[in-house]
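Residue numbers (the numbering used here): 1215 to 1572. Worksheet: the structure to be examined is printed underneath.
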């Protein structure tokens, strides 16, 4: 009897030492703990305490230890909260207080949960209709929620968006897991009040977690007016250039200056009025003073005036008009000379001295 008690205690100590060794190994092999999550993330472990689960308690305990020593496959973050519930015909919660996750407390948290599973009273059947309304309410009030339900698969799940798919997997594999004394682990995930995915796992294989969808980006704060970039002016309208105007010919009537009238030139201008004084009549020489040989007619007296002769440009006469006037004056002068000679000859006939000289 004593030897049997000793062997049972030795086996228990060996099993605890083995579990602690496995836990230390998993903690050392686990990836580095990331920073605190930016959202409130909750983990809830729910255990079915029906009579069919009594033989599967060791499998459930082993799965719990692996989950916490692996930090839920590396998804636990510092500050995430962990809760534990149990249910059959009634829901029991609050027997283990809600606690925050710290990597150094992995062994302690795992031990608390495995002890909780061991001391439950397994009887009757489990009813999901007392569990799922509470789970759905928690999902609606959580930013992120991960629910792990340890069950035997004999009862159908009701109250999730994935009831048909989950129950189909449970029904196909319930007999095999019952023979192997393994438990089902149904994982549900919700984000901001909406379920985002599920998986159905067994304690013999391990737990696979569905991925959360990416978090929505927070709205960017509006920049103050002082730091806003200046408004960019609209681009200038394109300048339309027309081809240059090509003018062919000389008769263009667009915006011309008025023509300058040509300077009129008189073709037959009236002769200028010239006033000339007749030459003075010389007195006949006396017989005593007359020279018998002075037969040269007297010169015409020249009239001197200060007025300069009008130029062709100022007189307004053309060249032909000036020649005509000069010709007329020349004829008048010749006639005056002829008349003077005739008069001088007549006067000389009555003189005795002239006759004697002849």
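Beta carbons are placed, not taken as given, at the ideal position from N, Cα and C, and that holds for glycine.
Helix or strand or just coil, what does DSSP make of residue i?
| i | result |
| --- | --- |
| residue 1206 | Missing from the structure shown is residue 1206; the chain here goes from 1215 to 1572 and no further. |
| residue 1573 | This structure cannot speak to residue 1573, because the chain is shown only from 1215 to 1572. |
| residue 1416 | strand |
| residue 1277 | helix |
| residue 1292 | coil |
| residue 1445 | coil |
| residue 1501 | The pLDDT assigned to residue 1501 is 45, lower than 50, so where the model puts this residue is not dependable; a value taken from the coordinates is nonetheless given after this. Coil at residue 1501, not helix or strand. |
| residue 1400 | strand |
| residue 1544 | helix |
| residue 1269 | helix |
| residue 1550 | helix |
| residue 1538 | helix |
| residue 1261 | strand |
| residue 1558 | helix |
| residue 1406 | coil |
Looking at residue j and residue i, is the spacing between their C-beta atoms short of 8 angstroms?
| i | j | result |
| --- | --- | --- |
| residue 1340 | residue 1277 | no |
| residue 1373 | residue 1355 | no |
| residue 1362 | residue 1399 | yes |
| residue 1345 | residue 1260 | yes |
| residue 1343 | residue 1267 | no |
| residue 1297 | residue 1312 | yes |
| residue 1265 | residue 1337 | yes |
Which residue from the options puts its Cα closest to that of residue i?
| i | options | result |
| --- | --- | --- |
| residue 1254 | 1533, 1434, 1429 | 1429 |
| residue 1423 | 1342, 1331, 1290, 1390 | 1290 |
| residue 1310 | 1358, 1324, 1281, 1554 | 1324 |
| residue 1359 | 1294, 1431, 1544, 1549 | 1294 |
| residue 1320 | 1336, 1285, 1338, 1306 | 1285 |
| residue 1299 | 1348, 1421, 1397, 1415 | 1348 |
| residue 1382 | 1413, 1395, 1546 | 1413 |
| residue 1364 | 1402, 1352, 1376, 1386 | 1402 |
| residue 1257 | 1330, 1557, 1405 | 1405 |
| residue 1273 | 1313, 1332, 1292 | 1332 |
| residue 1353 | 1394, 1409, 1377 | 1409 |
| residue 1306 | 1394, 1318, 1330, 1292 | 1330 |
| residue 1393 | 1449, 1269, 1546 | 1269 |
When the Cα atoms are used, what is the spatial distance from residue i to residue j?
| i | j | result |
| --- | --- | --- |
| residue 1334 | residue 1434 | 51 angstroms |
| residue 1271 | residue 1431 | 43 angstroms |
| residue 1322 | residue 1389 | 34 angstroms |
| residue 1508 | residue 1538 | At residue 1508 the pLDDT is 47, less than 50, meaning the model places this residue with poor confidence and gives no usable figure here. |
| residue 1282 | residue 1446 | 57 angstroms |
| residue 1544 | residue 1550 | 10 angstroms |
| residue 1303 | residue 1327 | 21 angstroms |
| residue 1407 | residue 1375 | 13 angstroms |
| residue 1368 | residue 1318 | 37 angstroms |
| residue 1396 | residue 1416 | 7 angstroms |
| residue 1279 | residue 1287 | 12 angstroms |
| residue 1427 | residue 1357 | 12 angstroms |
| residue 1411 | residue 1301 | 23 angstroms |
| residue 1553 | residue 1541 | 19 angstroms |
| residue 1275 | residue 1252 | 31 angstroms |
| residue 1370 | residue 1314 | 32 angstroms |
| residue 1548 | residue 1535 | 20 angstroms |
| residue 1308 | residue 1292 | 22 angstroms |
| residue 1559 | residue 1533 | 40 angstroms |
| residue 1386 | residue 1425 | 25 angstroms |
| residue 1421 | residue 1384 | 15 angstroms |
| residue 1546 | residue 1555 | 14 angstroms |
| residue 1377 | residue 1448 | 59 angstroms |
Unbroken stretches of the beta strand (DSSP E), 3 residues or longer, contained in the segment 1304-1340: 1305-1307
Every unbroken beta strand (DSSP E) inside the segment 1341-1391 [3 residues or more]: 1358-1365
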